[in-house]
Amino acid sequence: MGKLFGLFGHPVGHSMSPTMHNDAFANLGLSHYYQAFDVREENLETAVKGVRALGISGFNVTIPHKVAIMQYLDEIDTEAEIIGAVNTVVLRDNKLIGYNTDGIGYVRSLLELVDKEELKQKSILVIGAGGAARAIVTSMLRFGAQNVSITNRTIEKAEELVEHCRGQNMKILSLNEAEKGIDQFEVIINTTSVGMSPNIDEIPLAIENIKKGTILSDIVYNPLKTKWLALGEEKGAIIHNGVGMFVYQGAEAFEMWTDSKPDYARMKEIVMKRLGG
Ligand code: NAP
1127 MGKLFGLFGH PVGHSMSPTM HNDAFANLGL SHYYQAFDVR EENLETAVKG
1177 VRALGISGFN VTIPHKVAIM QYLDEIDTEA EIIGAVNTVV LRDNKLIGYN
1227 TDGIGYVRSL LELVDKEELK QKSILVIGAG GAARAIVTSM LRFGAQNVSI
1277 TNRTIEKAEE LVEHCRGQNM KILSLNEAEK GIDQFEVIIN TTSVGMSPNI
1327 DEIPLAIENI KKGTILSDIV YNPLKTKWLA LGEEKGAIIH NGVGMFVYQG
1377 AEAFEMWTDS KPDYARMKEI VMKRLGG
C-alpha cells in the first residue's frame, strides 16, 4: 500500500516540495503521496498527534515550525540537535525521529562542483549566522572542512553560531574584514536573504577583489542568478545557486523515507521549471 508523507509549515501554498516528491515517487513506481499541510503555530502539537493517529510515514517541516517541532518528537538526530532545528521527520518503530537535511543537502550540492578531499582543504567564508548558516556550518564541519570563517552583519550572532556549532577553529570576521581579505577565500557562501526577490539590487558582501576560479555560492534561488552571482561571474568566479541545496535536502529526506534514491537531475529539472529557469 502507498504511504503518506507531508510538509508542515505556514504558509505552504508556494512550496515546490509536493510536485518534486510526487514526481519522484511516480518515477520509481512507488504509490506514495506527498501532501502540503498548512499548519498554524497553535495547531502544531495536534498535527503531530494526527501523524501518529493516521500513521503518516514521515514529513518535512518548514517555517515557522523547524525549532518548535523538536519538543513533540521522540528522538532527535545528533546533527539536528547541534543545528537546533529539524526539517525532516521519520516515523520508525512507532517513534518520531527528527533530522536536519538542509546542511548535508547543501554540502552535496557543492560536491557537484568540487572534489570531496579538495573541499575539506579549501578556505571557506560563510556570510550570515541565521538558521541556514547554522545548518551549513554544522554539516561542513562534520564533513571535515578544516578552514571555515564566518562573517555577519550582527557579529554577536556569528559568535553565538560558532559556539553553538562547536566550531573550535573557526575565524569570526566583521563584514569589513571579510571584504578586505576576500581574495584569500576559495569558496564564499551567502546564507543571508540579501539579494532575494524583491530586493534584487542588494548584495551581501563586496567581491571586487575575488580571485578568478573562486566558488561563489548563494543559497538564494529567487532569482536564480542574484546580482551578487552575476557580479562574481564577471570576475571569473564559478557560480552556484540555491536550487541544488533545495533539491538535495529533499532527496536526503526521500532516501530516509523510502530507502530508494530519487533521480536528482529530474528533481532539479522540475524545480527549475517551477522557478522559470
Ligand atoms: P534567518 O535565520 O532569518 O537569518 C537571516 C540572516 O541574514 C542573518 O545572518 C541576518 O543577519 C542576515 N540578514 C538579513 N537581512 C540582512 C540585511 N539586510 N543585511 C545584512 N544581513 C542580513 O534566515 P535563514 O533561515 O537562515 O534563511 C536565510 C536565507 O536562506 C533565506 O533567503 C532563505 O530563503 C534561504 N534558504 C535557502 C534554502 C535552500 O534550500 N536554498 C534553505 C534554507 C534557507 P543578522 O544576524 O545581522 O540579522
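Mapped onto the working numbering, the consecutive letters of the sequence shown carry residue numbers 1127 to 1403. Note that CB positions come from ideal geometry on N, CA and C, so glycine has one too. All values reported here derive from a predicted model rather than from experimental measurement.
Alpha carbon to alpha carbon, how far is N1169 from Y1160?
-> The residue labelled residue 1169 in the question sits at position 43 within the sequence shown. The residue labelled residue 1160 in the question sits at position 34 within the sequence shown. If you take the alpha carbons of N1169 and Y1160, they lie about 20 Å apart.
Would you list the residues sitting across from I1298 in a DSSP beta bridge?
-> Here residue 1298 refers to the residue found at position 172 of the sequence shown. Residue pairing by DSSP places I1298 opposite I1276 in a beta bridge.
For the ligand NAP, is there a heavy atom less than 7 Å away from the beta-carbon of I1329?
-> Taking the first residue of the sequence shown as 1, we reach residue 1329 at position 203. Checking the Cβ of I1329 against the ligand NAP gives no.
Among the residues of its own chain, which have a CB less than 7 Å from the CB of P1190, if the five just before and after it don't count?
-> Position 64 of the sequence shown, counted from the first residue, corresponds to residue 1190. For P1190, where only same-chain residues beyond five positions count, the Cβ hits under 7 Å are H1136, E1167.
With a threshold of 16 other CB atoms inside 10 Å of the CB of H1366, please say whether the residue is buried or exposed.
-> Working through the sequence shown from its first residue, we reach residue 1366 at position 240. H1366 comes out buried.
With a cut-off of 8 Å on the beta carbons, I'd call Q1305 and L1331 a contact; round off their distance for me.
-> Within the sequence shown, the letter at position 179 stands for residue 1305. Within the sequence shown, the letter at position 205 stands for residue 1331. According to the sequence provided, residue 1305 is Glu. The question's Gln does not apply to it. 6 Å between Cβ atoms; contact.
Span of the alpha helix (DSSP H) around R1392 | For the purposes of this step, residue 1392 is identified with residue 266 of the sequence shown, where counting begins at 1. Annotation for R1392: the continuous alpha helix (DSSP H) segment containing it runs 1390 to 1400.
Sequence-distant residues of its chain with Cβ nearer than 6 Å to G1362 (five each side left out) = Against the sequence shown, residue 1362 aligns to sequence position 236. Around G1362, the same chain offers K1338 as residues with beta carbons nearer than 6 Å, after the five sequence neighbours per side are excluded.
S1386 to M1146, Cα distance in whole Å?
-> Translated into the one-based positions of the sequence shown, residue 1386 becomes position 260. Translated into the one-based positions of the sequence shown, residue 1146 becomes position 20. Going by C-alpha positions, S1386 is about 15 Å away from M1146.
Could you name the residues whose beta carbon sits closer than 6 Å to any heavy atom belonging to the ligand NAP, keeping them in chain order?
-> Ordered along the chain, residues surrounding the ligand NAP are D1228, G1254, A1255, G1256, G1257, A1258, A1259, N1278, R1279, T1280, K1283, T1317, T1318, S1319, V1320, M1322, I1345, V1346, Y1347, G1368, M1371, F1372, Q1375 [Cβ under 6 Å from any heavy atom].
Around the C-beta of A1259, are 16 or more other C-beta atoms found within 10 angstroms, so that it is buried, or is it exposed?
-> Counting from one through the sequence shown, the residue named residue 1259 turns up at place 133. A buried status is given to A1259, since no fewer than 16 other beta-carbon atoms sit within 10 Å of its beta-carbon.
Please say whether Y1347 and F1372 have beta carbons closer to each other than 8 Å?
-> Locating residue 1372 in the sequence shown gives position 246, counting from the first residue. Locating residue 1347 in the sequence shown gives position 221, counting from the first residue. Yes, the pair counts as a contact, with Cβ atoms nearer than the cut-off.
Report all residues from its chain with a CB closer than 8 Å to the CB of A1162; omit the five preceding and five following residues, and keep chain order.
-> For the purposes of this step, residue 1162 is taken as the residue at position 36 of the sequence shown. Sequence-distant partners of A1162 (beyond 5 residues in either direction) whose C-beta falls short of 8 Å from its own C-beta, in its chain, are G1132, L1133, G1135, V1138, G1139, S1141, S1143, P1144.
Classification of K1399 by the beta-carbon crowding that lies within 10 angstroms, buried from 16 upward | In the sequence shown, counting from the first residue as 1, residue 1399 sits at position 273. Under a 10 Å Cβ-count criterion, K1399 is classified as exposed, with fewer than 16 other Cβ atoms of the shown protein chains found around its own Cβ.
Three or more C-beta pairs closer than 8 Å, one from the stretch 1176 to 1191 and one from the stretch 1207 to 1215: is that the case here?
-> Contact between the stretch 1176 to 1191 and the stretch 1207 to 1215 is present, because at least three Cβ pairs lie under 8 Å.
Kindly indicate which residue of I1329, A1194, N1278 has the alpha-carbon position closest to the one of P1404.
-> The shown model of the chain, from 1127 to 1403, leaves out residue 1404, and the question about it has no answer.
Segment contact, 8 Å Cβ cut-off, at least three pairs: the stretch 1221 to 1240 with the stretch 1258 to 1272 = Judged by Cβ distances under 8 Å, the stretch 1221 to 1240 makes contact with the stretch 1258 to 1272, as three or more pairs qualify.
Touching by the beta-carbon criterion (3+ pairs, under 8 Å), the stretch 1308 to 1323 and the stretch 1244 to 1255 | Output reads yes: the stretch 1244 to 1255 touches the stretch 1308 to 1323.
Identity of the residues DSSP links to G1231 by a beta bridge = As a working mapping, residue 1231 is identified with position 105 in the sequence shown. Looking at the DSSP assignment, G1231 forms no beta bridge with any residue, so it has no partner.
Cβ shell of A1194 (< 8 Å), same chain only, five flanking positions each side left out | The sequence position of residue 1194 within the sequence shown is 68, counting from 1. Result list for A1194: E1167, L1170, in chain order.
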